[in-house]
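Visitor:
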Amino acid sequence: MRNRVKQSKRKQLFLGMLIVCGLFFIPGTVKAHAADKMIEFNGKEIASYNDSGQKVLIPSSDSGANCRNLNYLMSGNEKKTVVIPKGSTIRLNGTLQPGNNTTLIATGAKVIGKKASNALFAAPDRKIKNLSIIGGTWRSADKKGRTGSLFAFAFVKNLVMDSVDCNANYIGHAIEIIACTNVTIKNCKVAAIGSNPAKCLEEQIQIDLATKKTAPKIAEYGSQYVKGQTCKNIYILNNTVTGARAVGVNWTDSENGKWRNKFHKNVVIKGNTLVGTTSEALAYFNTIGGEISKNTIKTKAKRTDGNSAYTVGIHVAIFGKAPSSMAKSTLKITNNKVYGNRNGIHLKAYFNSSETKCLSKLGKVRVTGNKIYCKKGASQAIVQVRQSCKKLTVSNNSLRKWK
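At position 210 of the sequence shown the residue is numbered 219 (the working numbering), and the sequence of numbers has no breaks.
Okay, here's the thing in structure tokens:
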């Protein structure tokens, strides 16, 4: 009997100790768990983890703090997602420079960049990989819009911009892609603001090569980054873009024509609404292969000088000697609705200075199923200059005078 009583007392004592220990440790555990959800930087809480493990910024009224904190949250090479909270408006006093494997979500938020500065810049020496910018209304503090590039990406591999609302001045670029590989820009809204000079040629979305003239900021990082490096596998999908040019796939004749023979590869323009105000809606230059399909493309340009080529809807051209792969390539221009002044679709491979020999021809070009409206009449809706294509297929197009 005594043994039973002793055992009962021992059980009660043990249970009591458990309860006391539990009461002692529970508050500490809760506090530690809450602390684990907060992210500190420079002694201050700047963000918290949500249930999905994403880093949610705590917006600040200090533009410097927002910039520093976001750059800290996006730094490093580990896979991470940073969220600017929906409904917030944040200002930056500098440039965002994300690390590798970063997703930045700004859906429902507004981000205002510093005057005369990139809102976000991926530098060439960092060679960023796996970067996604999702959502948000992005603006410059410049009242008439950024006159440089709002977003500038150099030497990035695997880039996605999805559902971003952004703009620049007509003489700037909302999005500039320089020597990048595997880029998708989709579901974005870009409408230039500010001044629009009568002969402006600048693109709101520019697909660029890296040279001193085309990318002067990149040249500051060293000559090794401006050797004519080009873009590959660029997808412009389901966007609405208005600018002096809406979209431009660029080339340059600078440095005595040193980079004329540099060509981009596989640029796909699909499902967009593109409007050019003082130049072509789509300039598609020095590109091997690709697709232009299911777009509505319109130029409002009315130039009557010697540069009336700027008044066409889709301008496809090569300006130098293309690699042998050009001859085997195919460019599909299909199922678009195109509005042009001088021409709807203009295809040209440029000749030598004496205009006696074609430097290179476009490869196989298929122009099918398009509805084309041309101010100069149906006969000028599709123009190939001097057999510029190795093989041109034109079929099932509706050609009309644009009244």
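Even glycine gets a Cβ: it sits at the ideal position worked out from N, Cα and C. Bear in mind the structure is a predicted one, so any value in this text is a computation, not a measurement.
1. Determine the burial state of SER334: buried for a count of at least 16 other Cβ atoms within 10 Å of its Cβ, exposed for fewer.
2. Do the CB positions of ALA310 and THR282 come within less than 7 Å of each other?
3. Could you check the C-alpha separation between SER369 and ASN248 for me, to the nearest Å?
4. Within 10 Å of its beta-carbon, does THR5 have 16 or more other beta-carbons around it, so buried, or fewer, so exposed?
5. Could you have a look at GLN233 and say whether DSSP puts it in helix, strand or coil?
6. In three-state DSSP terms, what is GLU300?
7. Count the other CB atoms within 10 Å of the CB of ASP151; is the residue buried (16 or more) or exposed (fewer)?
8. What number of angstroms, rounded off, separates the C-alpha of LYS195 from the C-alpha of TYR244?
9. Could you tell me which whole beta strand (DSSP E) segments of length 3 or greater appear in the region 182-219?
10. Tell me whether TYR359 sits in a helix, a strand or coil according to DSSP, three-state version.
11. Using a threshold of 7 Å, state whether the C-beta atoms of ASN345 and ASN304 are closer than that.
12. Measure how close the beta-carbons of VAL284 and ALA255 come, nearest whole angstrom, since I'm counting them as under 8 Å.
13. What is the DSSP secondary structure of SER317, reduced to helix, strand or coil?
14. Assuming LYS255 is part of the beta strand (DSSP E), what are its boundary residues?
15. Hey, ARG430 and GLY117: beta-carbon distance below 7 Å or not?
16. Kindly list the residues whose CB is nearer than 8 Å to the CB of VAL394, restricted to its own chain and excluding five residues on each side of it in sequence; keep chain order.
17. What would DSSP say about GLY154, mapped onto helix, strand or coil?
18. Got a sec, what are the start and stop residues for the beta strand (DSSP E) GLY349 sits in?
19. At 3 residues or longer, and completely inside the region 82-163: list those beta strand (DSSP E) runs for me, N to C.
20. Tell me, to the nearest whole angstrom, how far the beta carbon of THR320 is from that of ASN350; I am working on the premise that it is less than 8 Å.
21. Taking 7 Å as the cut-off, decide whether the C-beta atoms of SER172 and GLY203 are in contact.
22. Output needed for CYS367: all residues of its chain with C-beta closer than 6 Å, excluding positions within five of it in sequence on either side, in chain order.
23. Which term fits GLN213, buried or exposed, when burial requires 16 or more other beta carbons within 10 angstroms of its beta carbon?
24. Going by DSSP, what residues sit across from VAL173 in a beta bridge?
25. Helix, strand or coil for ALA290? Go by DSSP, reduced to three states.
26. Could you tell me if THR90 is buried or exposed, where buried requires 16 or more neighbouring beta carbons within 10 angstroms of its beta carbon?
27. To the nearest angstrom, how far is it from the Cα of GLN396 to the Cα of GLU229?
28. Within the continuous alpha helix (DSSP H) that includes ASN265, where are the two ends?
29. Identify whether LYS337 lies in helix, strand or coil by the three-state DSSP scheme.
30. Applying the 10 Å Cβ sphere with the 16-neighbour rule, what's the burial state of GLY85?
Guide: In this structure, then:
1. By the 10 Å Cβ count, SER334 comes out exposed.
2. In this structure, THR282 does not lie closer than 7 Å to ALA310 by Cβ.
3. One alpha carbon belongs to SER369, the other to ASN248, and they sit about 32 Å apart.
4. Absent from the model: residue 5. The displayed extent of the chain is 10 to 412, so no value can be given.
5. GLN233 falls in the helix class under three-state DSSP.
6. DSSP places GLU300 in the strand class (E or B) of the three-state scheme.
7. In this structure ASP151 is buried. Its beta-carbon is surrounded by 16 or more other beta-carbon atoms within 10 angstroms.
8. Cα to Cα, the separation comes out at about 8 Å.
9. Listed in chain order, they are 182-187, 190-195, 198-200 and 212-217.
10. In the displayed model, TYR359 falls within coil according to three-state DSSP, outside both helix and strand.
11. In this structure, ASN304 lies closer than 7 Å to ASN345 by Cβ.
12. Indeed they touch by this definition, with Cβ atoms about 6 Å apart.
13. The answer is helix: DSSP assigns SER317 an H, G or I state.
14. In the sequence as presented, Lys is not what sits at residue 255; that position holds Ala. 254-258 is the span of the beta strand (DSSP E), which, as asked, contains ALA255.
15. In this structure the chain extends from 10 to 412, so residue 430 is not present and cannot be described.
16. If we look at VAL394 and ignore the five residues flanking it on each side, its Cβ neighbours are HIS355, LEU356, LYS357 and ALA358.
17. Correct three-state label for GLY154: coil.
18. Counting along the chain, the beta strand (DSSP E) containing GLY349 begins and ends at 346-349.
19. Complete beta strand (DSSP E) runs here, min 3: 89-92, 98-100, 111-114, 119-122, 129-131, 138-143, 146-149 and 158-163.
20. Contact holds; Cβ gap of about 4 Å.
21. Going by beta carbons, SER172 and GLY203 fall outside the 7 Å limit.
22. Excluding sequence neighbours, CYS367 sits near ALA358 and PHE360.
23. Answer is buried; the Cβ neighbour count reaches 16.
24. Note: VAL173 sits in no beta bridge, so no partner.
25. In the displayed model, ALA290 falls within coil according to three-state DSSP, outside both helix and strand.
26. By the neighbour-count rule (16 or more Cβ atoms within 10 Å), THR90 is buried.
27. If I take the Cα positions, the gap works out to 41 Å.
28. Per DSSP, ASN265 belongs to the alpha helix (DSSP H) from 263-266.
29. Secondary structure at LYS337: helix, using DSSP grouped into helix, strand and coil.
30. It counts as exposed.
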